[in-house]
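Colleague: Please see the structure below; I have some questions.
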Amino acid sequence: MRIAILSDIHGNADALTAVLDDLAGRSVDATVCLGDHLSGPLEARRTADMLMAAPIACIAGNHDRALVTTPRDRMGPSDAHAWDQLSGAHIAWLKGLPASLTVGPVIAWHGTPASDLEYWLETVEGGRMRLADRDAVEARAPATAIGPSSLLLCGHTHVPRIVRLKSGAVVVNPGSVGLQGYTDDAPLHVMQVGAPEARYAIAEQRCAGWAVVHHAVPYDTANVVRLAREAGRPEWASALESGWIA
Ligand SMILES: [Mn+2]
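First residue of the sequence shown? That's 5 in the numbering used here, and the numbers climb one at a time after it.
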């Protein structure tokens with residue numbers, strides 16, 4: 005089995021286009037997308053139209069959940085910007101997204117099995133993100149239904165990683181298609197990849213385990229950087245342009 009893993013597009017239709025073009029030259033059995041598809045100061049409508057038309061199995065992220073559960077006047081700026089572009093059909097699609105999905109030995113979540121807001125493989129410390137301690141990673145894993153050949157997928161943190169559990173199962177975060185840096189609060193921290201390329205991963209099952217390849221796909225960021233600036237989001241513009249938070 006060979007599976008393409010996308011996550012955290014955040015309305016960046018140009019990055020998604022580059023990833024799908026890159027994928028078109030490779031052969032996979034399935035493509036999954038791990039949520040936070042639309043929120044941000046970019047092109048939510050165009051992104052939703054692309055995802056709804058593509059043979060991609062999508063799950064909901066915390067921002068997708070917020071778009072269908074939070075009143076417009078209580079949304080953050082990223083959710084509100086996306087909401088204003090969406091039609092009833094887009095909202096209906098969002099409402100139908102599951103919180104997790106299983107494809108053979110592959111199980112996908114946005115954050116952890118318990119929460120779409122929790123970081124699985126990272127810990128925030130001193131305002132930065134680092135690889136979580138081994139016990140913390142194990143504690144966040146599902147207690148049942150995984151085995152040594154399981155491939156467990158998560159997104160949400162935008163940090164590409166491969167972590168092997170004591171059970172032999174592998175946890176993969178493909179990184180983010182659309183946004184290579186952000187700041188968040190509670191607690192305040194910065195995430196930055198340090199390069200602007202769109203990220204995704206391909207995992208292939210072999211006798212000895214999963215062979216995982218992380219891809220970094222360059223694309224023309226001029227359009228999304230302009231959109232972020234026009235929306236008054238200089239932090240987004242910086243992350244989109246460079247992968248760093250200025
Ligand atoms: Mn998220």
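For every residue, glycine included, the Cβ atom is placed at its ideal position computed from N, Cα and C.
1) Using 10 angstroms around the beta-carbon of GLU126, count the other beta-carbons present and answer buried if the total reaches 16, otherwise exposed.
2) Counting only the same chain and skipping the five closest in sequence on each side, list residues whose C-beta sits under 6 angstroms from that of TRP214.
3) Taking the CB atoms as reference points, tell me whether LEU183 and HIS14 lie closer together than 7 angstroms.
4) Below 8 angstroms on the Cβ atoms is my contact criterion, and I expect HIS67 with SER82 to pass it. Report the Cβ-Cβ distance as a whole number of Å.
5) For the beta strand (DSSP E) that contains VAL193, what are its first and last residues?
6) Below 6 angstroms CB to CB, which residues in the same chain sit around ALA22 once its five sequence neighbours on both sides are set aside?
7) Rounded to a whole number of angstroms, what is the C-alpha to C-alpha distance between PRO146 and GLU234?
8) If you draw a straight line from the alpha carbon of PRO109 to that of SER153, how long is it in whole angstroms?
9) Quick check on the DSSP output: the alpha helix (DSSP H) that includes ASP18 runs from which residue to which?
10) Taking CYS158 and GLY185 to be in contact with their CB atoms under 8 angstroms, please state how far apart those CB atoms are, rounded to whole angstroms.
11) I need the straight-line Cα distance from ALA212 to GLY151, nearest angstrom please.
12) Considering only DSSP beta bridges, list what SER104 is partnered with.
13) Tell me whether GLY15, by its Cβ, gets closer than 6 angstroms to a heavy atom of ligand 1.
14) Taking 7 angstroms as the threshold (C-beta atoms), are ASP12 and ASP40 in contact?
15) Excluding the 5 residues flanking HIS219 on each side, which residues of the same chain have their C-beta closer than 6 angstroms to its C-beta?
16) Compare the C-alpha of GLU129 against each of VAL197, THR161, PRO191 and name the closest.
17) Let me know the alpha helix (DSSP H) ranges lying completely inside the stretch 27–107, each 4 residues or longer, listed in chain order.
18) The beta strand (DSSP E) that contains LEU231, what's its start and end?
19) Closer than 6 angstroms by C-beta to ALA118: which residues in its own chain qualify, once you throw out the five before and the five after it? Chain order, please.
Modeller: Based on what the coordinates show:
1) Along the sequence shown, read from residue 1 onward, the residue named residue 126 stands at position 122. Burial call: buried.
2) For this step, residue 214 is matched to residue 210 along the sequence shown. Correct list, in chain order: LEU155, VAL174, ALA207.
3) Indexing the sequence shown from 1 puts residue 183 at position 179. Indexing the sequence shown from 1 puts residue 14 at position 10. Contact flag set, yes.
4) For this step, residue 67 is matched to residue 63 along the sequence shown. For this step, residue 82 is matched to residue 78 along the sequence shown. That pair is a contact at about 7 angstroms.
5) Counted from its first residue, the sequence shown places residue 193 at position 189. The sequence shown places His at residue 193, not Val. Where HIS193 is concerned, the enclosing beta strand (DSSP E) stretches over 193–196.
6) For the purposes of this step, residue 22 is identified with residue 18 of the sequence shown, where counting begins at 1. For ALA22, where only same-chain residues beyond five positions count, the Cβ hits under 6 angstroms are ALA202, VAL221, TYR223.
7) Within the sequence shown, residue 146 is the residue found at index 142, counting from 1. Within the sequence shown, residue 234 is the residue found at index 230, counting from 1. In a straight line, the C-alpha of PRO146 is about 42 angstroms away from that of GLU234.
8) Here the question's residue 109 lines up with position 105 in the sequence shown. Here the question's residue 153 lines up with position 149 in the sequence shown. Answer to the nearest angstrom: the Cα atoms are 7 angstroms apart.
9) Taking the sequence shown and counting its residues from 1, one reaches residue 18 at position 14. Looking at the DSSP string, the run of the alpha helix (DSSP H) that includes ASP18 is 17–28.
10) Looking up residue 158 in the sequence shown gives position 154. Looking up residue 185 in the sequence shown gives position 181. Wrong, their Cβ atoms sit about 19 angstroms apart, outside the cutoff.
11) Residue numbering aside, residue 212 sits at position 208 when the sequence shown is read from its first letter. Residue numbering aside, residue 151 sits at position 147 when the sequence shown is read from its first letter. Taking the straight line from one Cα to the other gives about 13 angstroms.
12) Position 100 of the sequence shown, counted from the first residue, corresponds to residue 104. TRP113, per the DSSP bridge assignment.
13) Mapped onto the sequence shown, residue 15 falls at position 11. No; taking the cut-off as 6 angstroms, the Cβ of GLY15 has no heavy atom of ligand 1 nearer than that.
14) Here the question's residue 40 lines up with position 36 in the sequence shown. Here the question's residue 12 lines up with position 8 in the sequence shown. Their beta carbons are under 7 angstroms apart, which means ASP40 touches ASP12 by this criterion.
15) Sequence index remark: in the sequence shown, residue 219 carries index 215 (1-based). Around HIS219: TYR204.
16) The residue you call residue 129 lines up with position 125 of the sequence shown. That would be PRO191, whose Cα lies nearest to the Cα of GLU129.
17) 48–57, 66–73, 81–87, 92–99
18) Indexing the sequence shown from 1 puts residue 231 at position 227. That residue, LEU231, is in no beta strand (DSSP E); its alpha helix (DSSP H) goes 226–234.
19) Stepping through the sequence shown from its first residue, residue 118 is reached at position 114. Answer for ALA118: no residue qualifies.
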